[in-house]
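Structure first, commentary second.
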Amino acid sequence: MSAIPAGEGGVTAAPGRGGDFTTYATAAWPRLVRTAHLLTGDLQEAEDLVLATLARVRTRWRRIPRDDVAFYVRRALVEHHLGRTRRRRVTRLPAPFLPARPRRPAPAALATLTVLTARQRAVLVLRYGDGLSEAETAQLLGCAGGTVRTLARRGLEALRADPSFVLRHPVPGARP
Numbered sequence: 028m029s030a031i032p033a034g035e036g037g038v039t040a041a042p043g044r045g046g047d048f049t050t051y052a053t054a055a056w057p058r059l060v061r062t063a064h065l066l067t068g069d070l071q072e073a074e075d076l077v078l079a080t081l082a083r084v085r086t087r088w089r090r091i092p093r094d095d096v097a098f099y100v101r102r103a104l105v106e107h108h109l110g111r112t113r114r115r116r117v118t119r120l121p122a123p124f125l126p127a128r129p130r131r132p133a134p135a136a137l138a139t140l141t142v143l144t145a146r147q148r149a150v151l152v153l154r155y156g157d158g159l160s161e162a163e164t165a166q167l168l169g170c171a172g173g174t175v176r177t178l179a180r181r182g183l184e185a186l187r188a189d190p191s192f193v194l195r196h197p198v199p200g201a202r203p
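Each step along the sequence shown adds one to the number in this note's numbering, with nothing skipped, and position 71 is 98.
Here you go:
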């Protein structure tokens, strides 16, 4: 019986058992929430995103190739986030009609990342937050390597243009 590779925080589980998914999800949770938090900028929204993603993955669990579980789950997370971002853009209500919702203030780094487009943010989170290569990021997002380079370059340029972010957080590839 093969095992799921240790792709998400050293998680291993044998395929074909009912507890495999629970074992994987429990061990992968911190890493997935961290990635989702960087994507969304809000911890509560990140946890909701991970829960929704894992619910979708659970329905397909037996069909996922065991050597691709970490990739599959990460891709599902990013695609679900990008889909939610597109839907939210269309369904967003004008400010006076929004219900009051108490929110914790986002840290400066997360607040600054909100100036990026959803795809730029996804590329920067995957490349620099999760440490994926350009090729892995392109494969995960379903685009060409050149697109990843362009999105990363434009995202980093946008971050460099914000002096408050640059003073607190060194931007990868920034010149002194």
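Cβ atoms here follow ideal geometry from the backbone N, Cα and C, with glycine treated the same way.
Just to confirm my understanding: we take residue i, look at its own chain, exclude 5 residues before and 5 after, and list those with CB closer than 8 Å. What are they?
i, result
"Leu107", "Here residue 107 is His; the residue named in the question, Leu, does not match the sequence. Here the set comprises Leu76, Ala79, Thr80 and Arg83."
"Val117", "Because the pLDDT at Val117 is just 45, under 50, the model does not fix this residue reliably, and the value given afterwards should be weighed accordingly. There are no such residues."
"Pro126", "Residue confidence is low: Pro126 scores 48 on pLDDT, short of 50, so the model does not pin down where it sits. No coordinate-derived value is stated."
"Arg119", "Here Arg119 scores only 48 on pLDDT, less than 50, and its place in the model should not be relied on; the value that follows carries that caveat. The answer is none, since no qualifying residue turns up."
When the distance is taken between beta carbons, is residue j closer than 7 Å to residue i?
i, j, result
"Leu153", "Thr164", "yes"
"Leu109", "Ala145", "yes"
"Arg102", "Leu167", "yes"
"Arg85", "Phe48", "yes"
Thinking residue i and residue j are a contact (beta carbons under 8 Å), I'd like their distance in whole angstroms, please.
i, j, result
"Val60", "Ala73", "5 Å"
"Gly173", "Leu143", "Gly173 to Leu143, Cβ: 19 Å. No contact."
"Gly156", "Thr62", "7 Å"
"Gln147", "Ala171", "Contact doesn't hold; Cβ gap of about 15 Å is too wide."
Quick one: residues in its chain with C-beta nearer than 7 Å to the C-beta of residue i, no 5 flanking neighbours on either side, listed in chain order?
i, result
"Ala179", "Val150, Leu151 and Arg154"
Which same chain residues, not among the five before or five after residue i, have their C-beta less than 6 Å away from its C-beta?
i, result
"Leu159", "Leu153"
"Val175", "Val150, Glu161, Thr164 and Ala165"
"Val105", "Ala149"
"Thr177", "none"
Using 8 Å as the Cβ pair cut-off and three pairs as the minimum, do the region 61 to 72 and the region 84 to 92 touch? No: fewer than three Cβ pairs fall under 8 Å.
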